[in-house]
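Take a look at the structure set out below.
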Amino acid sequence: MLNIALPKGRLGDKVYELFASIGYDCSEIYSDNRKLVFENKENGVRYLLVKPSDVAIYIAHGAADIGVVGKDILEEDSFDIYELLDLGLGKCNMCVAAPNDYVEDFDRPLRVATKFVNIAKNYYISLNREIEIIKLNGSIEIAPILGLSDVIVDIVESGKTLKENNLRVYEKIMPISARLIANKSSYKFKSADIDRLMEKLKKELAKNDKNN
Ligand code: PRP
Numbered sequence: 411m412l413n414i415a416l417p418k419g420r421l422g423d424k425v426y427e428l429f430a431s432i433g434y435d436c437s438e439i440y441s442d443n444r445k446l447v448f449e450n451k452e453n454g455v456r457y458l459l460v461k462p463s464d465v466a467i468y469i470a471h472g473a474a475d476i477g478v479v480g481k482d483i484l485e486e487d488s489f490d491i492y493e494l495l496d497l498g499l500g501k502c503n504m505c506v507a508a509p510n511d512y513v514e515d516f517d518r519p520l521r522v523a524t525k526f527v528n529i530a531k532n533y534y535i536s537l538n539r540e541i542e543i544i545k546l547n548g549s550i551e552i553a554p555i556l557g558l559s560d561v562i563v564d565i566v567e568s569g570k571t572l573k574e575n576n577l578r579v580y581e582k583i584m585p586i587s588a589r590l591i592a593n594k595s596s597y598k599f600k601s602a603d604i605d606r607l608m609e610k611l612k613k614e615l616a617k618n619d620k621n622n
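Quick look at the structure:
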C-alpha cells in the first residue's frame, strides 16, 4: 500500500485528477464528507488529505510514503526527503511586489512583509541588500497598503490579488510548481511501486505537454 499525502484544496484536486488518470483512483474522495483518509485496496493506494504546508512534514517523518508539495514550501524550509519530479501543476512565481507608485530608497533597510521569511532573506542576501523582515501569515498584500512594509515577498499566480490592491510585481524571485516528494526509506523499500507510479506520471505529463 502506497500512502500518498495530498495538499487539501485546489492544487490537491488537480493532483488527484492526475493520479486518477494513471489508474490510482479512489472515487470515494469525491464524496461530500469531512474524511481525510481515503483508501483503494485494489489499486494499493491510501490518500491522506493534509494542509499544503504540512505535506513535507508527513513525508519527512514517514507518516506518508510520497506526496505533492509546492516548491515554495521546499525552498522555505529544509526537509530530509527526496524531490522526485516536477509535476508542472500549480505554476506561479515567488515575487517581490510593491505599490504601483513605489520608489525604492536605497539609503535605508527595505521593510519586507512575507510568510516566506527564509526565501526573502536568502534573496536579499544574494543582492547584498539590508532588510527588516515583518513575518505575516496571510493577506500579505495589505502590509504595504497600510505602510507596515515597503514591499512584500509572496506568490503571484494570476496577478489578480496584486492588481485589485494597486500593487505590481517589482522583481521575480523564482518560478514555483508542484513537486512529487518521497520519504527516504519508503523510496528504498517501496522503490518498485514508486518507480512504477513515476514512470506513469512522466508518460501522462509528456502526453499533456504534447496536447498543450
Ligand atoms: C496566495 C498568495 C496571494 C494570492 C495570489 O494567497 O499569497 O495572496 O494567492 O494569487 P493571484 O495572483 O492569482 O491573485 P492564498 O490564497 O494562498 O492566501 P493567503 O493570503 O493566506 O496567502
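Residue numbering for the sequence shown follows the working numbering, beginning at 411 and increasing consecutively.
Cβ atoms here follow ideal geometry from the backbone N, Cα and C, with glycine treated the same way.
Close-in-space but distant-in-sequence residues of the same chain around residue i (CB under 8 angstroms, 5 per side omitted)
| i | result |
| --- | --- |
| L421 | P462, V478, G480, L499, G500, A588 |
| D487 | A466, N528 |
| Y468 | A415, L458, V460, A474, G477 |
| V425 | L416, P417, V478, L497, L499, A588 |
| I604 | L412, D475, I476, L494, A592, S596, Y597 |
| G569 | V579 |
Residue from the options whose Cα sits closest to the Cα of residue i
| i | options | result |
| --- | --- | --- |
| L611 | I432, P417, M411 | I432 |
| P509 | G557, Y492, L615 | G557 |
| K573 | A507, D605, A592, D496 | A507 |
| A530 | V447, I544, R518 | I544 |
| D515 | S559, K594, N575, V579 | S559 |
| D496 | K594, R606, P585, K600 | P585 |
| D490 | S595, L546, K570 | S595 |
| L446 | K613, L428, G419, R578 | G419 |
| N450 | L428, C436, S601 | C436 |
Cβ-based neighbour list, residue i, same chain, cut-off 6 angstroms, excluding 5 preceding and 5 following
| i | result |
| --- | --- |
| E567 | C502 |
| Y434 | N453, V455 |
Through-space distance from residue j to residue i, alpha-carbon basis
| i | j | result |
| --- | --- | --- |
| E485 | Y440 | 31 angstroms |
| D482 | N453 | 31 angstroms |
| N576 | A430 | 40 angstroms |
| N532 | M411 | 39 angstroms |
| Y408 | L615 | Nothing in the structure corresponds to residue 408, since the chain is present only between 411 and 622. |
| R521 | Y512 | 13 angstroms |
| R518 | E540 | 8 angstroms |
| K620 | E427 | 18 angstroms |
| E542 | P554 | 14 angstroms |
| L537 | R578 | 20 angstroms |
| D442 | N618 | 29 angstroms |
| T571 | H471 | 35 angstroms |
Beta-carbon contacts of residue i that lie in its chain and below 7 angstroms, excluding the five residues immediately before and after
| i | result |
| --- | --- |
| I550 | A523, T524, K525, I562, D564 |
| L494 | L590, I591, A592, M608 |
| K582 | N503, C505 |
Contact with chain B by residue i, beta-carbon distance below 8 angstroms
| i | result |
| --- | --- |
| I604 | Among the chains of the structure shown, chain B does not appear; only one protein chain is present. |
Secondary structure, beta strand (DSSP E): runs of 3+ residues fully inside the stretch 515-598: 520-524, 541-545, 561-566, 577-586, 588-592
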